[in-house]
Amino acid sequence: MNDRLVIFDTTLRDGEQAPGIALTPEEKVTIAHQLARLRVDILEAGFAASSPGDFEAVSRIAREVKGPVITSLARAHPDDIDRAFDALKDAERYRIHVFMSTSPIHMEKMLRLTPDEVFRASVEGVRRAKKYTDDVEFSPQDATRSDPDFMISVCRAAVEAGATTINIPDTVGFATPRDFVDLLERVFHEVKGERDDVVMSVHCHNDLGLAVANSLSSIAAGARQIEGAINGIGERAGNTSIEEVVMAVKTRQDAYGVELSVDTTQLYETSRLVSRLTGYPVQFNKAVVGRNAFAHESGIHQHGVLRDKETYEIMDAADVGQEAAQIVLGKHSGRAGFADALDKMGIVLDEESFARAFSRFKQLADRKVQIGEDEVRAIVEDQFGPATAKIRLIGLHVAGGNEVTPTATVRVEKDGTEQVFSGQGDGMVHATFAALRLAFGIDPKLIDYRVVPVTSGADALAEVSVVVQVGERTFAGHSINTDVVEGSAEAFANALNKSS
Ligand code: KIV
Ligand code: ZN
Numbered sequence: 003m004n005d006r007l008v009i010f011d012t013t014l015r016d017g018e019q020a021p022g023i024a025l026t027p028e029e030k031v032t033i034a035h036q037l038a039r040l041r042v043d044i045l046e047a048g049f050a051a052s053s054p055g056d057f058e059a060v061s062r063i064a065r066e067v068k069g070p071v072i073t074s075l076a077r078a079h080p081d082d083i084d085r086a087f088d089a090l091k092d093a094e095r096y097r098i099h100v101f102m103s104t105s106p107i108h109m110e111k112m113l114r115l116t117p118d119e120v121f122r123a124s125v126e127g128v129r130r131a132k133k134y135t136d137d138v139e140f141s142p143q144d145a146t147r148s149d150p151d152f153m154i155s156v157c158r159a160a161v162e163a164g165a166t167t168i169n170i171p172d173t174v175g176f177a178t179p180r181d182f183v184d185l186l187e188r189v190f191h192e193v194k195g196e197r198d199d200v201v202m203s204v205h206c207h208n209d210l211g212l213a214v215a216n217s218l219s220s221i222a223a224g225a226r227q228i229e230g231a232i233n234g235i236g237e238r239a240g241n242t243s244i245e246e247v248v249m250a251v252k253t254r255q256d257a258y259g260v261e262l263s264v265d266t267t268q269l270y271e272t273s274r275l276v277s278r279l280t281g282y283p284v285q286f287n288k289a290v291v292g293r294n295a296f297a298h299e300s301g302i303h304q305h306g307v308l309r310d311k312e313t314y315e316i317m318d319a320a321d322v323g324q325e326a327a328q329i330v331l332g333k334h335s336g337r338a339g340f341a342d343a344l345d346k347m348g349i350v351l352d353e354e355s356f357a358r359a360f361s362r363f364k365q366l367a368d369r370k371v372q373i374g375e376d377e378v379r380a381i382v383e384d385q386f387g388p389a390t391a392k393i394r395l396i397g398l399h400v401a402g403g404n405e406v407t408p409t410a411t412v413r414v415e416k417d418g419t420e421q422v423f424s425g426q427g428d429g430m431v432h433a434t435f436a437a438l439r440l441a442f443g444i445d446p447k448l449i450d451y452r453v454v455p456v457t458s459g460a461d462a463l464a465e466v467s468v469v470v471q472v473g474e475r476t477f478a479g480h481s482i483n484t485d486v487v488e489g490s491a492e493a494f495a496n497a498l499n500k501s502s
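Under the working numbering, think of the first position of the sequence shown as 3, with each following residue one higher.
What follows is the structure, encoded as structure tokens:
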């Protein structure tokens, strides 16, 4: 048996299907580059046929991101498969991921197809994908609620038609580790059999909080590919968390005995970037990448860790890139100091991105005494907004309080001139958004608004994330600032700029 575990990352496809996430192609490319640094084996860049934005993101990632095999999802439908190929064709290496539902409820209620039609479409889909590439994955969607005999017969036919990876999705997070292993043992023997060129994979959802447990259990049943998303984001309760699977396999080699290619020191950086660009915060106590994953509060624990870290730590924070390197910068720090901090944190920026990040750093350093590692990270991740601005926010003044309706006045650069707009609202942020709606001349629906402190303390930087809907499309904006109202204005303007 091959003892390498393939990590298939679907942050940009299934992860991005999480409610309220609206990544632009540019943001997806940024995350994809980071996933390549993390050295995931397969990178599912999107679902090319689902929208022009997804097509663009998959094609750009295929052209620009080197290292992982790039894949696109496709229904077992000729147009989807052709579209996936069109988007992927310039990649160094690519895979087409074909799926078709096999459960009675999906076939009857959603697809309105008979089992025979599902069987034929699956085989035809795999054959069509195979004309474009040798690397074809097939997934029987809702496998864990399917009739196992039928699902296995479809998978067997998919392998005969050329599929080289058979992925068993627990689409609705219904399986328990024991049922899942039983099912996978059948798939392993009846579908993969002796074929070394076929890999059995799993794709688990977290509806019952079992995604990681189910994924890890599958290794014993012969699975050699695990699919998941960074921070476990995805439809409903999300997907398997890549960082948790990776660190469990690495820390408990005795239990799992499989090799990985992932550079675990990039896990924290990747988690932060995904959190920042999706606007999905990482819970403080999240395994591996949560802020408290290596923090010790009780005196007894602190005492033990000071004597020997292993008293209460089974992993080293440095192994996941979360060593809090005690980087402290301030307003007197120059380019060299900032560049050195980035270097220590393993962050690589091109010249233009560095210049933008450095200028943002200087602005914030002027207001704040100390800038630590988390703040540097947030500054770097914040650099995408201002450069794409069509209307630039120059100034903001908000007046009002308990007795007086808040009024916000924004000064913006629009069509080459400086212009001023005012708006009122129930609170300072509401008034600011009202003024910006006038400045942009659009009235978007606010879908999501979140403020998360980057560090603790009254002078902490806050990350603000906003998602707006303009017509049928959603746009996300982000900012970091010591001032929540100013940060909210920047994030809102950033989202509106993307829509215009
Ligand atoms: O959950 C699921 O079934 C999927 C498939 C398309 C692989 O995401
Ligand atoms: Zn899924």
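For each residue, glycine too, the CB sits at the ideal point set by N, CA and C.
- Following the DSSP letters along the chain, one finds GLN372 in no beta strand (DSSP E), marked with neither H nor E.
- With the rule of 3 Cβ pairs closer than 8 Å, the region 191-210 does not count as touching the region 18-34.
- Note on geometry: alpha-carbon atoms of ILE154 and VAL189 lie some 6 Å from one another.
- Measuring C-alpha to C-alpha distances from THR434 to each of ALA462, ILE482, GLY489 and PRO455 identifies GLY489 as the nearest.
- For the pair VAL453 and ALA464, the CB atoms are nearer than the 8 Å cut-off.
- For ASP144, the Cβ stays outside the 7 Å cut-off from all heavy atoms of the ligand ZN.
- Between ALA76 and VAL128, the CB-CB gap reaches or exceeds 8 Å.
- Residue state for ASN483 is assigned as strand, using DSSP reduced to three classes.
- The DSSP assignment places complete beta strand (DSSP E) segments of no fewer than 3 residues inside the region 145-183 at 167-172, in order along the chain.
- THR173 has its Cβ nearer than 7 Å to a heavy atom of the ligand ZN.
- Restricted to the region 395-481, the beta strand (DSSP E) segments that are unbroken, complete and at least 3 residues in length are 409-416, 419-426, 447-455 and 464-472, listed in chain order.
- Contact annotation: GLY17 and ILE232 have beta-carbon atoms nearer than 8 Å.
- Of SER501, LEU351 and VAL456, the smallest CA-CA separation from GLU377 is found for VAL456.
- The continuous alpha helix (DSSP H) containing ILE33 extends over residues 27-40.
- Counting only residues of its own chain and dropping the five nearest sequence neighbours on each side, ASP172 has a CB closer than 8 Å to the CB of ALA145, THR146, PHE182, VAL204, HIS205, CYS206, HIS207, ALA213 and ASN216.
- DSSP places GLN143 in no alpha helix (DSSP H) but in the uninterrupted beta strand (DSSP E) bounded by 138-143.
- Distance check between ARG85 and each of GLU94, VAL60, ARG180 and MET102 places VAL60 closest, using alpha-carbon atoms only.
- A check of alpha carbon separations from GLU271 across ALA380, GLY259, SER219 and ASP92 identifies ALA380 as the nearest.
- The straight-line gap separating the alpha-carbon atoms of ARG475 and LEU308 is approximately 52 Å.
- Remark: the shortest separation between the CB of ASN241 and any heavy atom of the ligand ZN falls under 7 Å.
- Comparing alpha carbon positions, the residue from ALA493, ARG413 and SER273 closest to LEU448 is ALA493.
- Three or more Cβ pairs closer than 8 Å define a contact, and the region 50-60 meets that threshold against the region 78-93.
- For ILE482, the CB contacts under 6 Å within the same chain, skipping 5 residues up- and downstream, are ALA380, ASP384, LEU463 and GLU465 in chain order.
- Taking every protein chain shown into account, the CB of VAL422 has fewer than 16 other CB atoms within 10 angstroms, so this residue is exposed.
- Per the coordinates, the alpha-carbon of TYR96 lies some 21 Å from the alpha-carbon of ALA225.
- Between the region 261-278 and the region 7-14 there are three or more inter-stretch CB-CB distances shorter than 8 Å, so the stretches are counted as touching.
- In this structure, DSSP gives LEU331 an extended state, which the three-state scheme calls strand.
- Just so you know, the alpha carbons of ASN241 and GLY234 end up roughly 5 Å apart.
- As a beta-bridge residue in DSSP terms, GLY48 pairs with SER74.
- DSSP lists ASN241 as the bridge partner or partners of HIS207.
- The shortest C-alpha to C-alpha distance from PHE442 to any of TYR451, VAL431, VAL469 and VAL414 is the one to VAL414.
- Shortest gap from the CB of GLY48 to any heavy atom of the ligand ZN: 7 Å or more.
- Annotated as proximal: SER124 and VAL156, with beta-carbon spacing under 8 Å.
- In this structure, the C-beta of GLY230 stays at least 7 Å away from each heavy atom of the ligand ZN.
- A check of alpha carbon separations from GLN36 across PRO70, PRO150 and HIS108 identifies PRO70 as the nearest.
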